[in-house]
Amino acid sequence: MFNNKNILITGGTGSFGKKYVQTILARYQPNKIIVFSRDELKQFEMSQTFTDPRIRFFIGDVRDADRLKAAMNGVDYVIHAAALKQVPAAEYNPMECIKTNIHGAQNVIDAALENEVHRVIALSTDKAANPINLYGATKLASDKLFVAANNLSGSLETRFAVVRYGNVVGSRGSVVPFFQSLVDSGADTLPVTDESMTRFWISLQQGVDFVLKNFQRMWGGEIFVPKIPSVRITELAQAMAPDLKQEIIGVRPGEKLHEIMCPADDSHLTIEFDDHYVLSPTIKFYDTNIDYKDNKLGESGQPVERGFEYNSGTNECFLTIDEIRTFNAEAMK
31 MFNNKNILIT GGTGSFGKKY VQTILARYQP NKIIVFSRDE LKQFEMSQTF TDPRIRFFIG
91 DVRDADRLKA AMNGVDYVIH AAALKQVPAA EYNPMECIKT NIHGAQNVID AALENEVHRV
151 IALSTDKAAN PINLYGATKL ASDKLFVAAN NLSGSLETRF AVVRYGNVVG SRGSVVPFFQ
211 SLVDSGADTL PVTDESMTRF WISLQQGVDF VLKNFQRMWG GEIFVPKIPS VRITELAQAM
271 APDLKQEIIG VRPGEKLHEI MCPADDSHLT IEFDDHYVLS PTIKFYDTNI DYKDNKLGES
331 GQPVERGFEY NSGTNECFLT IDEIRTFNAE AMK
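In structure tokens form, the structure reads like this:
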């Protein structure tokens, strides 16, 4: 579906953006891929690795509505990955987080509508479900904006959806490279937030593949959530450094013990498919009557039981220590 198409990714110099560009080039024949980001150094470094002439680097910030509109001229597909994501930084700098994650989201929507982009998928986070920190609250607001944007399309073919998943193994700022840096530097202990902490576990490639698939599945208005395993943080530390003592350091500001991707309060909206969940919109779009139990690929799902919650702590699938080692080794390639 991406052959001969123009694709734009905001925040394209991040971990997801690099893997996304690599995957698109390997599997499809796009006409053009636009990497939109505000860091010229990261764009320069990425351009040294990705030399394909179909890649265009576009310096800009999602806070700049006019720049986004110019960048999306002639674009068919947009992936919105740009965000301020560090939980403590958002707590200390709330308005900066709001400007990028909420105002920036609306700018992406407006630019996509003005340029009649065919499909837009925004990346979300588990922290948007029952948020307890500012970052999560801004991403919840962003999710709501992208869902409601389907009411603004009118006669246009532009449709918007959201993909939500948790911890990405090996992404910038995630726990695996942090633990590995401590191991490599000869640390005596590994800091563990809490003995009961769990996290969903997904590789960068799995995240990219899930987004690609959902461009084919989407009607517009869905929040897509993959079915993935969980890990216990104590077992992750043991898998990476079995000989190091674990030091319990306590919960950081705005941090959760477990990740939630489908809240119990949204169980009446949640549909279970073979390998993913869909949170259908809380609102009805004025000109459509979509049955989200059947997607555009012909896959069918069933509503979950009332009170169902997709939680990393109560997940049916947990990786063993050996499985964590194998998974991480594959994900970090």
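Going by this note's numbering, the letters in the sequence shown line up with residues 31 to 363, in that order.
We put the CB at the ideal spot given by N, CA and C, even for glycine.
On a predicted model such as this, the values are computed, not experimentally measured, just so you know.
So, under 8 Å CB-CB, Leu38 and Val117 are touching, yes? Tell me the CB distance rounded to an integer number of Å.
Wrong, their Cβ atoms sit about 27 Å apart, outside the cutoff.
Please work out which residues of its chain come closer than 6 Å, Cβ to Cβ, to Val213, disregarding the five sequence neighbours upstream and downstream, and give them in chain order.
Ala271.
Compute the distance between the beta-carbons of Asn341 and His306, then report whether it is under 8 Å.
Not a contact, by the Cβ cut-off of 8 Å.
Pick out whichever of Lys169, Gly200, Leu175, Phe208 has its Cα sitting closest to the Cα of Arg194.
Looking at the Cα atoms, Lys169 is the closest of the given residues.
Does the contact criterion of 3 or more C-beta pairs under 8 Å hold for the region 224-235 versus the region 181-193?
No, the region 224-235 is not in contact with the region 181-193.
Within 10 Å of its beta-carbon, does Gly237 have 16 or more other beta-carbons around it, so buried, or fewer, so exposed?
Burial call: buried.
Helix, strand or coil for Arg86? Go by DSSP, reduced to three states.
If DSSP states are grouped into helix, strand and coil, Arg86 belongs with the strands.
For the region 236-285, list the beta strand (DSSP E) runs that are entirely contained and at least 3 residues long, ordered along the chain.
List check, beta strand (DSSP E) in window: 253-256, 260-262, 275-278.
Pull up the distance between the alpha-carbon of Ala100 and that of Ala167, whole angstroms please.
Their Cα atoms are separated by approximately 29 Å.
Nearest-angstrom Cα distance between Ser45 and Gly331?
C-alpha separation (whole angstroms): 31 Å.
Sort Gly250, Asp218, Ala269 by Cα distance to Ala179 and report the nearest one.
Per the Cα distances, Gly250.
Taking only three categories from DSSP, how would you classify Phe32?
Coil, per DSSP.
Threshold first: 3 residues or longer. Then list the beta strand (DSSP E) segments lying entirely within the region 40-112, N to C.
Complete beta strand (DSSP E) runs here, min 3: 62-67, 85-89, 107-110.
Assign Leu234 to one of two classes, buried (16 or more other C-beta atoms within 10 Å of its C-beta) or exposed (fewer than that).
Flag for Leu234 reads buried.
Please state if the CB of Leu327 and the CB of Arg247 are separated by a distance shorter than 8 Å.
Contact: yes.
Indicate whether Arg336 and Ser310 have their beta-carbon atoms separated by less than 8 Å.
In this structure, Ser310 does not lie closer than 8 Å to Arg336 by Cβ.
Just the Cα atoms here: how many angstroms apart are Arg149 and Thr344?
Straight-line Cα distance between these residues: approximately 34 Å.
Just to check my reading of the structure: Tyr165 and Lys115 have Cβ atoms closer than 8 Å, yes? What is that Cβ distance to the nearest angstrom?
Indeed they touch by this definition, with Cβ atoms about 7 Å apart.
In chain order, what residues of the same chain have a beta carbon less than 7 Å from the beta carbon of Asp69, not counting five sequence neighbours either side?
Cβ within range, chain order: Thr43.
Give the DSSP-derived three-state secondary structure of Arg5 in the structure shown.
No information on residue 5 is available, as it lies outside the stretch 31 to 363 that the chain covers here.
What separation, rounded to the nearest whole angstrom, lies between the Cα atoms of Leu143 and Leu220?
The alpha-carbon atoms of Leu143 and Leu220 are separated by roughly 48 Å.
Quick one: using the 10 Å Cβ neighbour count with 16 as the cut-off for buried, is Asp173 buried or exposed?
Under this definition Asp173 is a buried residue.
Taking the alpha helix (DSSP H) that Phe209 falls in, what are its first and last residues?
From DSSP, the alpha helix (DSSP H) with Phe209 extends over 205-214.
Tyr316: buried (16+ other C-beta within 10 angstroms of its C-beta) or exposed?
When all chains shown are included, Tyr316 counts as exposed.
Using beta-carbon positions only, say whether Val92 and Thr53 come within less than 8 Å of one another.
No.
CA-CA distance, Ser77 and Val147?
Cα-Cα distance, rounded: 25 Å.
Where does the unbroken beta strand (DSSP E) through Met291 begin, and where does it stop?
Residues 290-292.
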